[in-house]
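Beneath this line is the structure, given in structure tokens, with notes to follow.
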Amino acid sequence: MTQRYYITTPIFYVNGDPHIGHAYTAVAADVMARFRRLQGRDVWFLTGTDEHGQKVEAAARLAGLDPQAFSDDISARFRAMVRSMNISHDDFIRTTEPRHKAACAALWQRLEAAGMIYLGHYEGWYATRDEAFYGEDELSIGADGIKRAPTGAPVEWMREPSYFFRLSAFAERLLALYEENQSFIQPASSRNEVMSFVRGGLRDLSVSRTSFTWGVKVPGDPAHVMYVWIDALTNYLTALGYPDEQAERMAFWPADVHLVGKEITRFHAIYWPAMLMAAGLPLPRHVFGHGWWTVEGEKMSKSLGNALAVQPLIDEFGLDPLRFFLLREMPFGNDGDFSRRALINRLNVELANDLGNLAQRTLSFIAKNAGAIVPVRGEPQPADWALRDLAAGLPERVAAAMDRMALQEALEEIWKLVRACNAYIDHQAPWTLRKTDPVRMASVLRDLIECLRVIGILLQPFMPDTMAKLLDQLGVAATARDFSALTEGLVDNAPLPQPSGLFPRFVEPV
Ligand code: ME8
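In terms of our numbering, the sequence shown has 515 at position 502, counting the first letter as 1, and numbering is strictly consecutive.
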């Protein structure tokens with residue numbers, strides 16, 4: 014049976030425009046989804062928008078729109094952003110859709126029936142910006158005299174009737190889960206943080222609000238709307254057809270990975286599994302909290318006006334170079350800085366010079382001097398074996414890195430072969446062999462394009478359009494591009510199309 018793979022991104026708040034941070038998560042999830050598809054797995058990849066809550070209601074008011082019209086507009090911008098990043102999602106969920114409200118109501122009722130929800134009162138310090146309550150000990154008072162959460166968000170005292178979820182009952186079971194499944198929370202830094210938080214004890218969670226109305230109504234008590242995080246987390250089930258547990262797509266549950274930014278790992282690694290345990294539903298296999306991008310050394314924020322939109326970057330640098338940069342710049346899980354200089358440097362060194370040049374000089378040499386056909390191998394020499402071994406072992410090393418979601422490491426493994434090919438072509442010097450030993454020249458060129466084929470196939474998830482172009486130039490049939498075809502080879506003497514450059518060098522406009 015085909016193994017299933019279900020991966021999700023966070024659903025993004027529609028209180029502001031999409032930016033490079035959102036695109037980052039979407040691209041990383043996209044690379045994982047495409048990689049699994051090429052491995053032959055049955056993939057479901059979900060993204061979407063989170064449209065309820067006080068924050069969205071307030072943003073809509075500021076824009077002079079009703080929250081639904083406001084959400085429709087911003088949600089469409091997120092949809093456009095993921096389209097322009099060439100994201101291969103299978104579904105785009107919106108929490109204002111009827112299917113989602115039905116799923117939230119059903120899950121709520123299931124928790125209530127299990128005795129996991131009760132009515133009480135909530136009072137405490139609430140930060141609207143974070144949609145979260147904070148303990149007194151977490152707050153600080155700024156120079157402006159305003160009380161703030163650790164995130165910098167201003168807080169205000171709130172008291173209201175509220176339903177509670179019996180989160181406190183789950184601390185032991187959650188800790189046991191983290192112990193038994195060591196990779197449930199990744200990376201390790203997030204795991205440690207969550208574990209010490211849970212060890213500190215959990216309080217019951219306030220899961221409804223009466224102070225505003227933009228949300229999913231609590232079944233049987235319409236004065237309350239559900240806390241936006243309860244609503245939001247449920248989206249991962251909604252998209253599979255919950256509450257219809259017979260729905261075909263429910264076979265994708267439990268999710269393999271919830272990919273999120275590290276600031277919301279807590280919600281996914283504590284609240285969500287506790288809710289699922291309480292409802293008697295299977296738990297996701299992994300929660301991965303990736304790092305944060307700053308822009309030119311600064312935190313991205315509305316007030317600084319430095320949130321990078323993706324379209325101008327795609328227009329200037331090209332889509333695939335941008336996708337590449339996002340995953341190449343720092344180990345997946347770490348924070349990184351998005352700077353124009355770093356981006357241009359990566360593009361020119363690793364794409365234009367290393368890979369682009371390798372493909373260009375090999376393929377145009379074949380076009381000019383080897384009859385524009387797939388050259389035939391001769392007697393191998395030791396240098397050939399070293400290169401062939403490196404290429405033959407690469408798929409396994411890349412797959413092992415991807416299993417750990419070490420996306421940057423996967424790229425680094427591939428680049429080891431790219432660099433080895435460049436060293437090989439320099440040492441073997443086919444331009445000299447052309448005069449002295451044409452049989453050997455053909456053999457060298459063949460080894461090079463076999464490596465390019467492996468590189469092109471493995472890089473498809475990262476740079477789908479450009480790698481399609483490379484594989485076209487190598488004459489690789491569309492049916493021979495998934496990972497099962499990696500061990501196959503090119504066909505002796507098959508004609509090769511006219512090559513053209515893959516990655517132009519970026520030159521700063523003067
Ligand atoms: O938190 N660097 O939505 P959100 C890297 N609706 N990633 C970034 C980033 C940055 N500077 N800025 C944003 C929410 N992200 C909730 C989620 S899920 C059930 C509900 C990415 O619009 C990153 O994935 O605030 C982060 O977790 C997400 O956008 C936050 O999006």
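Glycine included, each C-beta is placed from N, C-alpha and C at the ideal position.
Check	Outcome
Neighbourhood of ALA72 by C-beta, 6 Å cutoff - its chain only, sequence neighbours within 5 removed	ASN28
HIS35 CB to nearest heavy atom of the ligand ME8 below 7 Å	yes
Continuous beta strand (DSSP E) stretch holding GLU169: start and end	169-178
DSSP three-state assignment for PRO508, whether helix, strand or coil	strand
Contact the region 388-398 vs the region 239-248: 3+ CB pairs below 8 Å	no
ALA245 Cβ short of 7 Å to the ligand ME8 heavy atom set	yes
Distance, GLN441 Cα to THR449 Cα	12 Å
Cβ-based burial, SER181 [other Cβ within 10 Å; buried from 16]	exposed
First and last residue of the uninterrupted alpha helix (DSSP H) at TYR255	Careful: TYR255 lies outside any alpha helix (DSSP H) and carries neither H nor E.
Proximity test, TYR18 beta-carbon vs the ligand ME8 heavy atom, cut-off 7 Å	no
Beta bridge counterpart(s) of TRP57 as assigned by DSSP	TYR19
Which listed residue (ASP55, MET288, HIS303) has its alpha carbon closest to that of PRO297	MET288
THR536: CB within 7 Å of a non-hydrogen atom of the ligand ME8	This structure gives no information on residue 536, because the portion of the chain shown stretches from 14 to 523.
Option in GLY254, TYR191, PRO512, HIS271 with minimal Cα separation from TYR19	HIS271
Alpha-carbon to alpha-carbon, ARG447 and ARG459	14 Å
Nonlocal neighbours in the same chain, by C-beta distance under 7 Å from THR223, ignoring five residues either side	GLU173, PRO174, ALA236, HIS237
Sequence-distant residues of the same chain with beta carbon closer than 7 Å to ALA433, five excluded per side	LEU400, LEU403
Length-filtered (4 minimum) alpha helix (DSSP H) runs lying within the region 290-334	323-330
Check: ASN361 C-beta below 7 Å from any heavy atom of the ligand ME8	no
Under the three-state DSSP convention, the category GLN52 falls into	coil
Length of the line joining the Cα atoms of PHE83 and ALA365	42 Å
In DSSP terms, what GLY133 is bridged to	SER175
Spatial neighbours of ILE100 in its chain, beta-carbon cut-off 6 Å, leaving aside the 5 residues before and after	ALA39, ASP43
Residue of VAL457, ALA119, ARG453 minimising C-alpha distance to ALA436	VAL457
Check whether MET290 and ARG216 have beta carbons under 8 Å apart	no
Three-state secondary structure assigned by DSSP to TRP138	strand
At least three beta-carbon pairs within less than 8 Å, the region 413-422 to the region 481-499	no
beta-carbon ASN248 near the ligand ME8 non-hydrogen atom, thresh 7 Å	yes
Cα-Cα separation, VAL168 to VAL56	41 Å
Own chain, CB closer than 7 Å to ALA184, minus 5 neighbours either side, in chain order	VAL211, GLY214, LEU215
Proximity to ALA119 [Cα-Cα], best of VAL231, LEU461, PHE178	VAL231
Buried or exposed by the 16-neighbour rule on C-beta atoms within 10 Å, applied to ARG204	buried
N- and C-terminal bounds of the alpha helix (DSSP H) containing PHE105	Segment 104-107 is the beta strand (DSSP E) holding PHE105; no alpha helix (DSSP H) there.
Backbone secondary structure at VAL389 - three-state DSSP	coil
Distance, PRO80 Cα to THR109 Cα	10 Å
Distance cut-off 7 Å: ASP63 Cβ against heavy atoms of the ligand ME8	yes
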